[in-house]
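Engineer:
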Amino acid sequence: MAQAAWNLPTWLERGVADLFPAAELGADQSLAARLAEVQASGRPLRVKLGIDPTGSDIHLGHSILFRKLRAFQDAGHTAVLIIGDFTARIGDPTGKSATRVQLSAAQVEANAETYLLQLGLGQDPERALLDFQTPGRLEVRRNGEWLAGMNLPEVIELLGISTVGQMLAKEDFANRYGGCTPISLHEFLYPLLQGYDSVAVQADVELGGTDQKFNVAMGRDLQRHFSQRPQFGMLLPILPGLDGVQKMSKSLGNTVGLADDALTMYSKLEKVPDAAVEEYLTLLTDLDLAALPSNPRQRQKAMALAVTASRHGESAALQAQSDAADLVLRPDADGANSDAVTGGGASVPDACLAAVNFPAKAFYLLSAVGICTSSEARRQIQNGGVRLDGQKLTDVNQLFSDASELEGKVLQLGKKTFRRLVN
Numbered sequence: 004m005a006q007a008a009w010n011l012p013t014w015l016e017r018g019v020a021d022l023f024p025a026a027e028l029g030a031d032q033s034l035a036a037r038l039a040e041v042q043a044s045g046r047p048l049r050v051k052l053g054i055d056p057t058g059s060d061i062h063l064g065h066s067i068l069f070r071k072l073r074a075f076q077d078a079g080h081t082a083v084l085i086i087g088d089f090t091a092r093i094g095d096p097t098g099k100s101a102t103r104v105q106l107s108a109a110q111v112e113a114n115a116e117t118y119l120l121q122l123g124l125g126q127d128p129e130r131a132l133l134d135f136q137t138p139g140r141l142e143v144r145r146n147g148e149w150l151a152g153m154n155l156p157e158v159i160e161l162l163g164i165s166t167v168g169q170m171l172a173k174e175d176f177a178n179r180y181g182g183c184t185p186i187s188l189h190e191f192l193y194p195l196l197q198g199y200d201s202v203a204v205q206a207d208v209e210l211g212g213t214d215q216k217f218n219v220a221m222g223r224d225l226q227r228h229f230s231q232r233p234q235f236g237m238l239l240p241i242l243p244g245l246d247g248v249q250k251m252s253k254s255l256g257n258t259v260g261l262a263d264d265a266l267t268m269y270s271k272l273e274k275v276p277d278a279a280v281e282e283y284l285t286l287l288t289d290l291d292l293a294a295l296p297s298n299p300r301q302r303q304k305a306m307a308l309a310v311t312a313s314r315h316g317e318s319a320a321l322q323a324q325s326d327a328a329d330l331v332l333r334p335d336a337d338g339a340n341s342d343a344v345t346g347g348g349a350s351v352p353d354a355c356l357a358a359v360n361f362p363a364k365a366f367y368l369l370s371a372v373g374i375c376t377s378s379e380a381r382r383q384i385q386n387g388g389v390r391l392d393g394q395k396l397t398d399v400n401q402l403f404s405d406a407s408e409l410e411g412k413v414l415q416l417g418k419k420t421f422r423r424l425v426n
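Using the numbering used here, you'd call the opening residue of the sequence shown number 4 and step up by one each time.
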């Protein structure tokens, strides 16, 4: 949609894929009007973002929503971050072709603590994704506060707000129902419980990915039922992964993690396919796209530098860019080219050999030093994606007798991950 249709400030409009309801319902009902209203009254908007901590790592694909939430914070509004400690135990059925495995309360809480640390808890707000320090800018809530104590009449009231037909209109449910794949009844509860979060925190705006429209719209329905002013839904695109095609997903191995060191992050990002660079620039940086060079390689490097700087600071990002340039092409014994450290002083992250039980096979080595799982190591070696000091490893069972055989060498996975082995 065009910015003119929404009449929103640039910081808010940038990267937004969908906003509902839009101005066609009347200018007085638009988000622009709500912004003007709260500005006049001195009351900040309450902007909701719910996350279910079903894993322990956050990657750049997840960060798009947090960046928009931070933009609201910086404009003086209140971010309401909801940790789905209750709903995570059900699991969002969106995008799933089967019922999700339910997590324990302990698993969810451990993941939640890890999420908060990655989002910036205890960190300098300048480099954190969210501002945890400025008073009035962030509320962190767990939806178990209001969901865990619900009694049966309250649950029945929720169930009465929606119909089976509405639930089956949700694409994921429709596909499973049409394919005779079982749908557990508790999965129908998920959109209702997630929607009730908006009632509990009295949200003015809810952020979500484009795959979350059903759930966000449910929040509007429930607010209306409970006599609240319905929230606006603001949806952002799903970031493509490093392959430039499929969505960024840990299971697909195409992610950049927030916890990645500066060199690994920069090295991954400067190889993002040209077709995806503009989306990365729009969604992951605040750079003026019109002011960047038109050359695709220069835009790619500018994006990689800006994203790395946002996580590690400008100095570390510039060093990573310099170090990545030291990972130059040199010929293998088989005549092919490979990215390898030339001894020019690149600060390749260390991987400690202390945890390796020698003698060690090649596939086990990669797992023991934390580069990838042993199964992934087997696959990468078999596909020619692993090198030791520039020499391709071809045998998953190649044996290394002791640490001295590997000390100081660089282990490389694909074109983006490098570790110097140290004892």
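Ideal Cβ placement from N, Cα and C applies to all residues, glycine included.
What you are looking at is a predicted structure, and each value in this text was computed from that prediction instead of being measured.
If L84 sits next to L141, beta carbons under 8 Å apart, how far is it from one beta carbon to the other, in whole angstroms?
Structural biologist: Sure, about 7 Å apart at Cβ, within 8 Å.
Engineer: By the three-class DSSP mapping on this structure, what secondary structure does P194 have?
Structural biologist: The answer is helix: DSSP assigns P194 an H, G or I state.
Engineer: Inspect the beta-carbon positions of F366 and A406 and report whether they are closer than 8 Å.
Structural biologist: No, the pair does not count as a contact, with Cβ atoms beyond the cut-off.
Engineer: Just to confirm the assignment: which complete alpha helix (DSSP H) runs, minimum length 4, are found wholly within the region 275-336?
Structural biologist: You should have 277-287, 299-315, 317-328.
Engineer: Between which residues of its own chain and R144 is the CB-CB distance below 6 Å, once the five residues before and five after are set aside?
Structural biologist: Once the five neighbours on either side are set aside, the close Cβ partners of R144 are I85.
Engineer: For I54, list the residues DSSP reports as bridge partners.
Structural biologist: Bridge partners of I54: I86.
Engineer: Can you give me the start and stop residues for the beta strand (DSSP E) that E209 sits inside?
Structural biologist: Unbroken beta strand (DSSP E) run through E209: 208-212.
Engineer: Determine the extent of the beta strand (DSSP E) in which L22 is found, giving its start and end residues.
Structural biologist: Note, L22: beta strand (DSSP E), 21-23.
Engineer: By how many angstroms is the C-alpha of D127 removed from the C-alpha of T376?
Structural biologist: Straight-line Cα distance between these residues: approximately 33 Å.
Engineer: In angstroms with no decimal places, state the Cα-to-Cα distance between L261 and A363.
Structural biologist: The alpha-carbon atoms of L261 and A363 are separated by roughly 30 Å.
Engineer: Just to confirm the assignment, what range does the alpha helix (DSSP H) spanning M268 have?
Structural biologist: Where M268 is concerned, the enclosing alpha helix (DSSP H) stretches over 265-272.
Engineer: Would DSSP call A131 helix, strand or coil?
Structural biologist: Coil.
Engineer: Within the same chain, show all residues whose beta-carbon is closer than 6 Å to that of Q6, passing over the 5 residues directly before and after it, in chain order.
Structural biologist: Residue confidence for Q6 is low, a pLDDT of 44 falling below 50, so the modelled location carries little weight; the figure read from the coordinates is stated next. The answer, listed in chain order, is E16.
Engineer: Just to confirm, are F403 and L368 a CB contact at a threshold of 8 Å?
Structural biologist: Yes. Within cutoff.
Engineer: When burial is assigned at 16 or more other CB atoms within 10 Å of the CB, is P185 buried or exposed?
Structural biologist: The residue is exposed, with fewer than 16 neighbouring Cβ atoms inside 10 Å.
Engineer: Taking the straight line between their C-alpha atoms, what separation do you get for D207 and S230?
Structural biologist: Spanning the two alpha carbons is a distance of roughly 14 Å.
Engineer: Relative to the C-alpha of Q205, which residue among L150, Q234, Q169, K304 is closest?
Structural biologist: Minimum Cα distance to Q205 is reached at Q234.
Engineer: Tell whether a beta-carbon distance below 8 Å holds between G256 and R130.
Structural biologist: Not a contact, by the Cβ cut-off of 8 Å.
Engineer: In chain order, what residues of the same chain lie with their CB nearer than 6 Å to the CB of D246, ignoring the 5 residues before and after it?
Structural biologist: The answer, listed in chain order, is N257.
Engineer: Could you pull out every residue in the same chain whose Cβ sits closer than 6 Å to the Cβ of A228, ignoring the five residues on either side in sequence?
Structural biologist: Per the sequence shown, residue 228 should be read as His rather than Ala. Correct list, in chain order: I164.
Engineer: Let me confirm a value: N426 is counted as buried when at least 16 other C-beta atoms fall within 10 Å, else exposed. Which label applies?
Structural biologist: It counts as exposed.
Engineer: Closest by CA to S44, which one among K51, A36, V50?
Structural biologist: Closest by alpha carbon: A36.
Engineer: Please look up how many angstroms separate the CB atoms of I67 and L290, rounded, as I've assumed it's under 8 Å.
Structural biologist: The pair is not a contact, with the Cβ atoms about 15 Å apart (cut-off 8 Å).
Engineer: Under a Cβ-count criterion, where at least 16 other Cβ atoms within 10 Å of its own Cβ denotes burial, should N114 be classed as buried or exposed?
Structural biologist: Under this definition N114 is a buried residue.
Engineer: Of the choices V275, V359, S313, M268, whose alpha-carbon is the least far from that of A327?
Structural biologist: Of the listed residues, the one whose Cα sits closest to A327 is M268.
Engineer: From this set, T137, D88, L132, G139, which residue's C-alpha is nearest E116's C-alpha?
Structural biologist: E116 has its Cα closest to that of D88, out of T137, D88, L132, G139.
Engineer: Please report the Cβ distance between Q249 and D277, rounded to the nearest whole angstrom; I am assuming they are in contact, meaning their Cβ atoms lie under 8 Å.
Structural biologist: Q249 to D277, Cβ: 17 Å. No contact.
Engineer: Assuming D353 is part of the beta strand (DSSP E), what are its boundary residues?
Structural biologist: 353-355 is the extent of the beta strand (DSSP E) around D353.
Engineer: Using the three-state DSSP reduction, which class does F217 fall into: helix, strand or coil?
Structural biologist: In the structure shown, F217 sits in a helix (DSSP, three-state: H, G or I).
Engineer: Closer than 6 Å by C-beta to A462: which residues in its own chain qualify, once you throw out the five before and the five after it? Chain order, please.
Structural biologist: Residue coverage of the chain in this structure runs from 4 to 426, which leaves residue 462 outside it and unanswerable.
Engineer: Is there a Cβ from chain B that is less than 8 Å from the Cβ of G53?
Structural biologist: Absent from the structure: chain B. Only one protein chain is present.
Engineer: For L210 and M237, which I take to be in contact (beta-carbon distance under 8 Å), what is that distance rounded to the nearest angstrom?
Structural biologist: With 8 Å as the limit, L210 and M237 qualify as a contact, their Cβ atoms being about 5 Å apart.
Engineer: With distance defined between alpha-carbon atoms, name the residue in I54, D134, H62 nearest to A74.
Structural biologist: Closest option to A74, Cα to Cα, is D134.
Engineer: If we ignore side chains and look at the alpha-carbon of each, how far apart do D398 and A220 end up?
Structural biologist: C-alpha separation (whole angstroms): 53 Å.
Engineer: When the Cα atoms are used, what is the spatial distance from A294 to Q301?
Structural biologist: Approximately 12 Å between the Cα atoms of the pair.
Engineer: Count the other CB atoms, across all protein chains shown, that sit within 10 Å of the CB of V372; report buried if there are 16 or more and exposed otherwise.
Structural biologist: Classification for V372: buried.
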